[in-house]
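Using the UniProt record's numbering, the letters of the sequence shown map in sequence onto residues 1 to 413. Below: the structure, in structure tokens.
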Amino acid sequence: MLPSLTKEDLLDLLPGSEHFFRRRTIWRLTHDDNEGQERDLCRPSTSHGTCDFSPIPTTQPSFRELTVMAKRLIEYYPMLRDRSQTSRAEWETVKKQLLKRIQNVTTPKKKQGSTPSRKRPRSLSFQSSHETSTDETDESTASTLILERSPTSRCSAPEAAQLCASETESPQTQARHYKTLQAMYKTKARPNKMDVAQLLDLEIQARRAFIDSDVTKEQDRPSNILKAYPCFGELDHLMDELRRILNQGNSHFLMELKTRWGTFCERAQFYGVFKKLMRPPQLDKVKHSIAMMKALPEMHASEAVLHVLESAEDPNTFLQTRPLSSPVVIICETNCILAIGTMPVLIFPKEDIHESVMYLMACYYTFHLTYPKCIATLLSVVQTEVLLDAIHDCDMTTSYKKAMADWKKFISD
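Structure, rendered in structure tokens:
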């Protein structure tokens with residue numbers, strides 16, 4: 001009786017996918033000549049609308065085999081039948097899905113040994129000079145960086161350069177970033193600012209450990225750091241390093257810093273007039289800013305932080321005869337020079353003189369310098385009031401406490 005049963009009869013007697021192996025065993029016992037054909041047919045999966053087939057290794061199912069699979073699937077799962085008018089056959093849609101799935105299957109490749117790409121996925125970072133800020137000159141050229149995608153690059157942040165403070169790069173990876181940064185500055189073309197900033201973000205842990213280790217004397221530290229990181233000779237990277245040190249996760253830190261500095265200067269202007277150290281505001285913005293920078297040290301019991309060159313005075317001569325090795329701003333006829341000790345670091349426009357104190361603070365933080373006693377009170381006030389960086393109780397001098405008490409009393413009245 002069993003040999004007379006068809007596949008449809010077996011399906012009626014033992015319905016459902018759970019009886020598939022039982023139906024197949026009965027069919028093979030009674031139809032030995034079709035055993036080879038049965039092996040080519042797919043076994044329906046009990047959890048998905050696709051089939052688990054075992055094709056010959058390194059080969060793909062033929063077009064006819066896919067058709068057989070699709071027909072068998074709609075027999076066991078009638079809900080997969082496509083009865084729409086646009087379909088030529090009920091199994092056509094299932095066949096297309098099977099074909100799409102087969103095309104997505106890739107042949108496994110033999111491993112060629114340990115490579116860095118298997119440790120971490122890599123991502124291409126394309127930056128062009130057209131994507132950078134408008135203050136870049138035409139000397140900027142497009143560049144391509146291959147950076148290892150670290151755990152920090154997967155953090156949810158509004159900007160890609162923003163990092164998670166809890167996760168850092170490995171020392172080996174940071175060393176590769178440093179070598180890439182060095183190679184960028186050995187070329188004649190000017191490096192792309194966004195690429196340099198990205199590398200500085202990734203390499204910050206090793207860099208700050210090197211700078212803060214005090215392995216060199218403080219008077220030699222700025223020159224050694226500039227040799228290792230020539231990017232800090234550019235104002236944008238110098239200020240961006242200040243952001244990384246104080247608030248790395250805040251991409252709007254510099255904008256907020258400028259706002260706080262503007263508020264501080266407005267209050268200091270009235271404070272200077274109150275103490276008869278300044279005249280009322282002038283119409284010339286540059287002259288007013290210079291007057292403000294000259295009056296700020298007098299307001300907080302400190303010496304000058306800038307020097308205005310005379311008409312016949314040479315900046316190099318002034319730097320060589322200057323007794324201090326701390327950062328200073330030199331005002332020339334057309335521009336300003338930011339120098340540390342006897343070494344000029346960068347040049348910025350004279351119109352930006354009102355932000356020169358922020359540039360000085362960036363030098364102290366970036367190069368890990370100590371405040372000279374003669375200007376420590378002013379810099380400490382700026383540190384707490386503008387940078388919002390607290391000072392330890394042991395570093396609070398009597399002069400600083402008195403200056404802060406007078407300042408707080410004035411702004412509270």
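Here a beta-carbon is modelled for each residue, glycine too, at the ideal position from N, C-alpha and C.
Asked                                                                                                           : Found
Per-residue burial, ASP214 [other beta carbons within 10 Å of its own, 16 or more giving buried]                : exposed
Endpoints, the alpha helix (DSSP H) within which ALA197 is located                                              : 193-202
Segment contact, 8 Å Cβ cut-off, at least three pairs: the segment 190-201 with the segment 224-239             : yes
Closest residue to GLN60 among MET79, SER84 and LEU98 (Cα-Cα distance)                                          : LEU98
Backbone secondary structure at ARG190 - three-state DSSP                                                       : strand
HIS300 beta carbon less than 8 Å from that of THR397                                                            : no
Residues that HIS307 bridges to, as DSSP identifies them                                                        : ILE330
Backbone secondary structure at VAL386 - three-state DSSP                                                       : coil
Nearest neighbour of GLU92, chosen from SER251, LYS287, VAL345 and THR67 [CA to CA]                             : THR67
Rounded C-alpha distance that separates LEU319 from MET343                                                      : 8 Å
Beta-carbon spacing of TRP407, VAL381 below 8 Å                                                                 : yes
Exposure label - ALA189; buried when at least 16 CB within 10 Å                                                 : exposed
Which of helix, strand or coil DSSP assigns to LEU257                                                           : helix
Host alpha helix (DSSP H) of ALA70 (start-end)                                                                  : 63-76
Own chain partners of PHE253 with C-beta closer than 6 Å, once the 5 adjacent residues on each side are dropped : ARG243 and ASN247
Straight-line gap, ASN335 to LYS350 (C-alpha atoms, nearest Å)                                                  : 5 Å
Whole-number beta carbon distance between VAL305 and ILE225, since they are thought to touch under 8 Å          : Not quite, the Cβ-Cβ distance comes to about 21 Å (not below 8 Å), so this is no contact.
CYS336 - containing alpha helix (DSSP H), residue span                                                          : Where CYS336 is concerned, there is no enclosing alpha helix (DSSP H), although the beta strand (DSSP E) it sits in stretches over 335-340.
Within 8 Å, strictly: CB atoms of VAL286 and ILE204                                                             : no
Alpha-carbon to alpha-carbon, PRO323 and ALA403                                                                 : 26 Å
Neighbour-count burial assignment, PRO78, 16 or more Cβ in a 10 Å radius                                        : exposed
Backbone CA spacing between ARG64 and LEU13 [nearest angstrom]                                                  : 29 Å
ILE347, enclosing beta strand (DSSP E) - first and last residue                                                 : 343-349
Extent of the continuous alpha helix (DSSP H) run through HIS237                                                : 235-247
Test item: CB-CB of TYR359 and LEU379 under 8 Å                                                                 : no
Where PRO297 falls, given that 16 or more other Cβ within 10 Å makes a residue buried                           : buried
Classification of THR366 by the beta-carbon crowding that lies within 10 angstroms, buried from 16 upward       : buried
Residue closest to PHE20, alpha-carbon to alpha-carbon, out of LEU5, LYS373, TYR76 and MET69                    : TYR76
Close Cβ partners of GLU90 (< 8 Å) along its chain, the five nearest in sequence each way excluded              : ILE74, ARG81, ASP82 and ARG83
Proximity below 8 Å, CB of ILE330 to CB of ILE337                                                               : yes
Residue burial classification, CYS332 (beta-carbon count within 10 angstroms, cutoff 16)                        : exposed
Buried or exposed (CB count within 10 angstroms, at least 16 for buried), ALA312                                : exposed
C-beta atoms of HIS307 and VAL273 nearer than 8 Å                                                               : no
Reference ARG28; option with closest CA among SER17, GLY16 and LEU5                                             : LEU5
CB contact flag (GLU241, ALA362, <8 Å)                                                                          : yes
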